[in-house]
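Novice: Residue numbers (the numbering used here), protein chains in the order written: chain D, 9 to 118; chain X, 5 to 118. Please see the structure below; I have some questions.
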């Protein structure tokens, strides 16, 4: 049973537009949620996180929204840039242990 | 060196070989992790070490043997692997008491078992 799911394996957007990446989870005990970005031949790098007691966290062009009743979080990137093209993983934490989604490959076209 | 480093970056081995993967972190962290990433699958947590003590073994077969001699170094010893063990092996580190558990990843070792 996969506790963290990213149902869209890929997403393509035009430069300057908004990218919205989605993540669903099943375990209501998760207390922190994170997004990581991964370029080819590199390990994932941390992007932004949100505590389960909040519903929004913003950092520059990146905003994460958390809807606990729907067990859903999303990452908004605006405006999208070609350098944002990468695989994005969401992760959910419980008792210091992270569970990752499958990843969504974002392509931002110039 | 900064961040998290892993060696080798690529490894090809036969099923009867014995090899080791090495991970080193220069961030002063006290928790270290091994993950496996197979094609089209999510990152799978294998082992967790906190303050050099193993705190998680996610039902990993005994042909994978971790070793953490100090909080900066982590090894994964491999022996009699199977072709289905071919994957990207990622090491990560974090501060053990960081509530967000933000992890810093190495570049990974691409392992191919023939």
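For every residue, glycine included, the Cβ atom is placed at its ideal position computed from N, Cα and C.
Using alpha carbons as the reference points, say which of 103(X), 118(X), 81(X) lies closest to residue 12(X).
Specialist: The sequence position of residue 12(X) within the second chain is 8, counting from 1. Selected option, being the one with the closest Cα: 81(X).
Novice: Short check: CB of residue 125(D) to CB of residue 95(D), under 8 angstroms?
Specialist: In the structure displayed, chain D extends from 9 to 118; residue 125(D) sits before or after that span and is not available.
Novice: Whole angstroms are fine: how far does the CA of residue 35(X) sit from the CA of residue 104(X)?
Specialist: In the second chain, residue 104(X) corresponds to position 100, counting from 1. In the second chain, residue 35(X) corresponds to position 31, counting from 1. Distance between the alpha carbons of residue 104(X) and residue 35(X) is about 13 angstroms.
Novice: Output the boundary residues of the beta strand (DSSP E) element that contains residue 82(D).
Specialist: Translated into positions along the first chain, residue 82(D) becomes position 74. Looking at the DSSP string, the run of the beta strand (DSSP E) that includes residue 82(D) is 80 to 85.
Novice: Drop a sphere of 10 angstroms on the beta-carbon of residue 9(D), count the other beta-carbons inside from all chains shown, and report buried for 16 or more, exposed for fewer.
Specialist: For this step, residue 9(D) is matched to residue 1 along the first chain. Per the 10 Å Cβ criterion, exposed.
Novice: Any residues in the region 97 to 117 of chain X with a beta carbon nearer than 8 angstroms to a beta carbon of chain D? Which ones, in chain order?
Specialist: From the region 97 to 117 of chain X, only 100, 103, 104, 105, 106, 107, 108, 109, 110, 111, 112 have a Cβ closer than 8 angstroms to chain D.
Novice: Identify every residue that forms a DSSP beta bridge with residue 69(X).
Specialist: Counted from its first residue, the second chain places residue 69(X) at position 65. Per DSSP, the beta-bridge partners of residue 69(X) are 81(X).
Novice: What did DSSP end up calling residue 28(X) once you bin it into helix, strand or coil?
Specialist: As a position in the second chain, residue 28(X) is number 24, starting the count at 1. If DSSP states are grouped into helix, strand and coil, residue 28(X) belongs with the strands.
Novice: Would you say residue 74(D) lies against chain X (beta-carbon separation less than 8 angstroms)?
Specialist: On the first chain, residue 74(D) is found 66 positions in, with the first residue counted as 1. No - not a single Cβ of chain X is within 8 angstroms of the one on residue 74(D).
Novice: May I ask you to report which of helix, strand or coil DSSP gives residue 88(X)?
Specialist: By one-based count along the second chain, residue 88(X) stands at place 84. Collapsing the DSSP output to three states places residue 88(X) in a helix.
Novice: Buried or exposed: which applies to residue 63(X), given that a residue is buried once 16 or more other Cβ atoms fall within 10 Å of its Cβ?
Specialist: Locating residue 63(X) in the second chain gives position 59, counting from the first residue. Around the beta-carbon of residue 63(X), fewer than 16 other beta-carbon atoms lie within 10 Å, marking it exposed.
Novice: Residues bridged to residue 14(X) by DSSP?
Specialist: Along the second chain, read from residue 1 onward, the residue named residue 14(X) stands at position 10. Paired residue(s): 114(X).
Novice: Let's see if you can read the secondary structure: which residues bound the beta strand (DSSP E) around residue 36(X)?
Specialist: In the second chain, residue 36(X) corresponds to position 32, counting from 1. Residues 35 to 41.
Novice: With a threshold of 8 angstroms between beta carbons, is residue 34(D) in contact with chain X?
Specialist: Indexing the first chain from 1 puts residue 34(D) at position 26. Closer than 8 angstroms: no.
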